[in-house]
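Undergrad: Letter by letter, the first sequence follows residues 12 to 935 of our numbering.
The C-beta atom is built at its ideal place from N, Cα and C for all residues, glycine as well.
This is the structure I want to talk about, given as structure tokens.
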Amino acid sequence: MEHSFDPHRIEQRLYEEWEKAGYFAPSGNGRPYCIVIPPPNVTGSLHMGHAFQHTLMDALIRYHRMLGDCTLWQMGTDHAGISTQMLVERQLNAEGKTRAEIGREAFLERVWAWKEQSGNNISNQLRRMGSSLDWSRERFTMDEGYAKAVLEVFVRLYEDGLIYRGQRLVNWDPELKTAISDLEVDNTEEQGQLWHFRYPLLDGATTADGKDYLVVATTRPETMLGDTAVAVHPDDERYRNLVGRRVRLPLVGREIPIIADEYVDPAFGTGCVKITPAHDFNDNAVGARHGLPLVNVLAEDATINANAPEAYRGLDRYEARKRIVADLDAQGLLDKVEDHKLMVPRGDRSGAVIEPYLTDQWFVKIKPLAEPAIRAVENGDIEFVPKQYENLYFAWMRNIQDWCISRQQWWGHRIPAWYDASGNIYVGRSEAEAREKAGLGDDVPLTQDPDVLETWFSSALWSFATLGWPEQTDELARYHPTDVLVTGHDIIFFWVARMIMMTLKFVGEVPFRKVYIHGLVRDAEGQKMSKTKGNGLDPLDLIDGISLEDLVKKRTENLTQPQMAPRIEKQTRKEFPNGIPSYGTDALRFTFCALATSGRDIRFDLNRIEGYRNFCNKLWNAARFVLMNCRDKEIEGDAELTLADRWIRSRTHHLLADSRRAIDTYRFDLYAQTVYDFVWHEYCDWYLELTKPLLWNPDTPAAVLRGTRRTLLGVLETLLRAAHPVIPFITETIWREVAPLLGNRHPTIMLQPYPDPAEFTADPEADASIDWLKGVVLGVRNIRGEADIRPKQTVDVLFQGGSARDRELAAATEELFKRLATIERVDWLDDDAEPPPNALALVGNLKVMVPLAGLIDLDAERSRLEKEIQRREQEVQRIAGKLANADFVAKAPAQVVEKERQKQQAAQAALRTLQEQLASIQRR
RNA sequence: AGGCGCGUAGCUCAGUUGGUUAGAGCGCUACCUUGACAUGGUAGAGGUCCCCGGUUCGAGUCCGGGCGCGCCUACCA
């Protein structure tokens with residue numbers, strides 16, 4: 012084995028080997044266990060969030076595979092309609108072409124080509140992360156079988172009356188020229204203005220204070236071209252007499268009514284609201300209540316259309332806004348303008364300001380689907396981890412709105428609906444079926460709806476469509492419902508909720524039994540990682556390392572906002588002055604697990620991954636030590652276990668129980684910590700050190716050596732299996748060296764059983780003994796450290812006082828004690844003997860003394876003692892306070908009181924001893 | 001505006017049903033190249049558990065209020 016751990020020598024080779032051997036495919040007769048991967052965008056590249064999520068899933072998958080479950084990690088990718096289309100369109104534009112020029116068919120060909128080319132990128136990244144996905148069953152949300160599932164779902168929902176087409180106000184992205192769903196709108200607070208306009212009253216009407224106009228306020232002046240009423244609150248005394256009268260809409264000249272509606276807040280502004288039913292969701296509702304006409308004044312690119320006065324036609328909405336304000340001002344109808352903060356709706360992909368826009372779209376009638384989906388979580392068929400996310404789910408589901416599923420795009424599942432010349436709708440699995448169902452002859456020309464379904468409509472079928480539905484496949488029978496969905500809280504509504512609804516509807520069972528929600532990966536400052544901010548990291552760059560120059564280049568290339576480049580560069584140079592060193596996959600995976608605390612976002616920090624790279628190296632070197640001392644050595648035959656052997660076996664028992672519990676409860680952080688702590692602070696810090704005196708002593712009996720070597724190897728082999736789910740590469744590599752020495756010649760650790768705590772006996776007696784040994788060792792080390800005794804300088808130790816058990820343990824562990832604390836001689840003093848001047852440590856009643864003998868500075872020892880005395884005094888005082896409290900003694904459980912009494916005695920005794928010691932030092 | 005969450009060492013975070021001296025990693029200080037590992041070892045320093053009040057024999061932990069931060073949802077034109 013190499014002197015230090017080098018991930019590059021092992022990782023890729025191992026993965027290829029595993030994949031070739033077919034270890035990732037389900038096998039055996041165990042209980043089925045299945046996770047479907049949240050399908051990454053096929054044309055994207057994986058970011059830190061993916062890497063995080065995949066690490067957790069792979070840990071679960073490897074764990075269950077080792078438990079003997081028939082384990083499937085279902086692979087697949089998503090066609091990601093809008094994102095992908097935008098991306099390919101940008102490529103096209105860069106070549107000076109447009110989508111419209113090359114036409115639908117050619118464009119789609121191009122997207123498919125790009126998908127083929129780009130898909131490999133993701134596969135490669137997933138492989139580098141060590142993800143043990145079953146590649147043989149890879150699916151794509153637009154592959155043939157999947158398309159069939161989408162078609163089937165659409166048609167059946169339509170037949171059940173749960174999909175309908177209607178003209179409604181939808182969120183319209185004027186840049187992409189498509190409708191989007193409510194969820195795809197991000198509301199951001201922006202600085203804007205509030206314009207106050209005067210709308211002249213007609214027929215001589217006046218307000219209560221004698222004005223011949225009403226003042227309405229708006230943040231979007233251009234929409235006034237489509238106003239069809241002015242509304243006031245029905246109880247508003249100021250305007251009550253005007254309800255039913257009319258105003259003249261300036262610039263347009265239309266006479267519009269003054270109506271009364273509860274929607275108006277009389278306390279805001281003037282209490283008069285202009286109503287634009289075609290361009291505002293609230294106004295639309297008001298309009299519907301009052302039977303107002305809808306006047307749409309915008310074209311699909313948000314320019315002003317022919318329904319508006321000539322002067323504004325063809326103008327962009329913001330240009331029109333300026334003109335309208337200017338024109339009103341010129342007519343003396345601009346009352347005032349105020350600065351105003353408002354929430355601006357923007358498309359989550361394009362960033363364009365969204366317009367509420369009147370169009371024909373397809374909708375899913377969602378309430379009937381939502382009800383069973385709410386019940387499934389209420390009754391525990393599906394459980395969220397952490398639980399609090401259920402509230403979020405319920406809140407959204409109970410207030411859910413119909414879902415707009417049609418998109419005016421090309422890349423996606425084409426809507427299976429056809430229209431005849433008079434606009435009648437025919438839906439079917441094919442045009443032929445649509446005709447047949449309607450009894451339509453071939454002579455009636457039909458045209459298919461040009462639109463596609465939004466991506467999340469197809470993603471919603473993921474759990475069952477990937478397993479072969481609508482066919483009743485073996486996979487569907489075996490792996491559905493899947494066991495757990497691992498995903499981020501940002502897509503609970505987009506995906507999780509919709510998957511639950513669709514799966515209940517079409518499979519009649521839940522898609523998964525648990526939903527594990529992890530946090531978002533942020534940068535070291537807690538900022539969200541994003542391409543625009545240039546603070547993202549490519550997981551592969553952490554695995555392989557990257558130079559500063561390459562990183563800067565990567566972060567500043569192909570920016571949608573190139574003006575950010577200098578800032579990104581500066582920040583990058585500051586944060587990574589030396590680029591990023593290579594840490595390897597195992598270190599990265601371990602970091603993700605360690606950071607996966609429940610329900611919070613994680614901050615990714617290089618210091619952290621560096622620490623876990625060091626951990627890998629520690630494990631590597633521990634293995635080197637073990638192999639060095641066990642290879643070609645006799646380990647078969649009678650064996651005798653030492654106290655240290657029994658102790659580490661006992662600790663192993665706890666490691667296994669704790670690690671299983673942690674994974675079973677999705678506490679990946681505790682799992683990582685348990686493994687780390689065991690490897691570093693128990694196996695390496697203590698056990699390996701405890702074996703050295705035996706291994707290097709020519710007089711150690713053969714049976715003891717055999718016992719020690721078997722324990723060294725056996726515990727190492729076990730902990731490798733225990734840790735394999737999180738650090739697969741290093742554990743496999745070491746395991747292949749270690750397992751044969753134990754007679755295990757299987758080719759891979761991957762298919763070995765996850766270790767059972769029962770393989771190792773809990774041994775409280777050994778635990779207590781080694782704890783005692785640690786106590787005396789640490790006592791002496793503390794003296795040595797505080798007195799600045801050189802590490803190589805041996806000292807003598809005197810024991811005094813203590814119990815029979817202290818004597819027993821001291822005798823049993825003398826050699827170990829001497830080695831671990833660098834001690835020359837150990838002697839016992841009679842209880843009544845006068846010890847020589849010394850530095851003192853207390854372990855229970857046992858005095859552990861290091862004679863000063865010119866080694867130890869009196870002043871240093873005095874201050875060490877004083878510190879210790881002060882601590883003990885505080886303790887004594889605190890306990891005395893408790894025990895003096897009659898209520899405590901009377902009401903606390905007897906055992907708690909008794910425990911305090913014992914502590915009290917011990918602390919007092921210790922304090923006395925320390926004070927005597929201090930006095931004896933003072934005398935010198 | 002409502003809902004959810006967070007606030008513990010310089011930093012990032014654990015802390016189960018309320019009960020030893022509140023822990024870890026990183027960072028910091030001192031010493032050390034000792035035959036697995038300097039990607040290391042040994043010792044050490046470092047805390048008003050955000051604030052106020054309450055329940056309790058006992059609160060980092062439970063309850064109420066406040067402050068600060070984050071997220072989600074809905075928004076007054």
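(1) Please state the DSSP three-state secondary structure of residue 483.
(2) Where are the alpha helix (DSSP H) runs, 4 residues long or more, that stay fully inside the segment 814-859, in chain order?
(3) Leaving out the 5 sequence neighbours to the left and right, which residues in its chain are closer than 8 Å to residue 535 when beta-carbon positions are compared?
(4) So for residue 916, helix, strand or coil by DSSP?
(5) Leaving aside the five residues before and after residue 726 along the sequence, list all residues of the same chain whose C-beta is less than 6 Å from its C-beta, in chain order.
(6) Spatial neighbours of residue 357 within its chain, please: CB distance less than 8 Å, with the 5 preceding and 5 following residues excluded, ordered by chain position.
(7) Going by C-alpha distance, which of 796, 523, 735 and 825 is nearest residue 506?
(8) Tell me the DSSP secondary structure of residue 417 in three-state form.
(9) Compute the Euclidean distance between the alpha carbons of residue 250 and residue 282, then round it to the nearest angstrom.
(10) May I ask which residues mark the beginning and end of the beta strand (DSSP E) holding residue 354?
(11) Can you tell me whether residue 799 is helix, strand or coil according to DSSP?
(12) For residue 190, name the three-state secondary structure that DSSP assigns.
(13) Please state whether DSSP places residue 931 in a helix, a strand or coil.
(14) In whole angstroms, give me the CA-to-CA distance for residue 1002 and residue 516.
(15) Taking just the CA atoms, how far does residue 400 sit from residue 123?
(16) Per DSSP, what are the beta-bridge partners of residue 180 in this structure?
(17) Thinking C-alpha only, which one of 170, 918 and 768 is nearest residue 439?
(18) Smallest Cα separation from residue 433: which of 427, 412, 424 and 456?
(19) Alpha carbon to alpha carbon, how far is residue 927 from residue 849? Give it in angstroms, no decimals.
(20) If residue 422 sits next to residue 215, beta carbons under 8 Å apart, how far is it from one beta carbon to the other, in whole angstroms?
(21) Roughly how many angstroms lie between the CA atoms of residue 136 and residue 94, to the nearest whole one?
(22) Could you tell me the boundaries of the alpha helix (DSSP H) in which residue 318 lies?
(23) In this structure, how does DSSP classify residue 522 when only helix, strand and coil are distinguished?
(24) Between the Cα of residue 768 and the Cα atoms of 359, 797, 733 and 784, which residue gives the shortest distance?
(25) Whose C-beta lies closer than 8 Å to the C-beta of residue 335 among residues of the same chain, with five residues either side of it excluded?
(26) How should residue 572 be labelled, buried or exposed, when 16 other C-beta atoms within 10 angstroms of its C-beta is the threshold for buried?
(27) How about the segment 804-821 and the segment 842-858: do they share at least three Cβ pairs that are nearer than 8 Å?
(28) Which same chain residues, not among the five before or five after residue 533, have their C-beta less than 8 Å away from its C-beta?
(29) Using 8 Å as the cut-off, can you tell me whether the segment 42-54 makes contact with the segment 69-87, which would need three or more C-beta pairs spanning the two stretches below that distance?
(30) Less than 9 Å between the C-beta atoms of residue 344 and residue 209, yes or no?
(31) In the DSSP assignment, find the beta strand (DSSP E) that holds residue 904 and state where it starts and stops.
(32) Nearest to residue 201 by CA position, among 354, 59 and 308, is which residue?
(33) Could you spell out where the beta strand (DSSP E) holding residue 146 opens and where it closes?
(34) Would you kindly check if the distance between the Cβ of residue 509 and the Cβ of residue 464 is under 9 Å?
(35) For the candidate residues 410, 882 and 380, whose alpha-carbon lies nearest to that of residue 172?
(36) For a test of the three-state rule: what should DSSP assign to residue 23, helix, strand or coil?
TA: Based on what the coordinates show:
(1) Note: residue 483 maps to coil in three-state DSSP.
(2) The qualifying runs are 815-823 and 825-832.
(3) Apart from sequence neighbours up to five positions away, the residues of its chain that approach residue 535 with a beta-carbon distance below 8 Å are 586, 614, 615, 616 and 617, ordered along the chain.
(4) Note: residue 916 maps to helix in three-state DSSP.
(5) 659 and 663
(6) Answer for residue 357: 196, 197, 198, 199, 363, 364 and 365, listed in chain order.
(7) Residue 506 has its Cα closest to that of 523, out of 796, 523, 735 and 825.
(8) Reduced to three states, the DSSP call for residue 417 is strand.
(9) 9 Å
(10) Per DSSP, residue 354 belongs to the beta strand (DSSP E) from 345-358.
(11) coil
(12) strand
(13) helix
(14) Here the chain comprises residues numbered 12 to 935, so residue 1002 is not present and cannot be evaluated.
(15) 37 Å
(16) 369
(17) 170
(18) 456
(19) Cα-Cα distance, rounded: 12 Å.
(20) So it is not a contact: roughly 59 Å between Cβ atoms.
(21) Their Cα atoms are separated by approximately 20 Å.
(22) Here residue 318 belongs to no alpha helix (DSSP H), and DSSP marks it neither H nor E.
(23) coil
(24) 733
(25) Excluding positions up to five away in sequence, the list reads 232, 233, 235, 236, 262 and 323.
(26) Exposed: under 16 other Cβ atoms inside 10 Å.
(27) Touching, yes, given that three or more Cβ pairs across the two stretches are closer than 8 Å.
(28) 539, 540, 612, 613, 614 and 615
(29) Flag = yes, the segment 42-54 and the segment 69-87 touch.
(30) yes
(31) No beta strand (DSSP E) contains residue 904, which DSSP labels as neither H nor E.
(32) 354
(33) 145-151
(34) no
(35) 380
(36) helix
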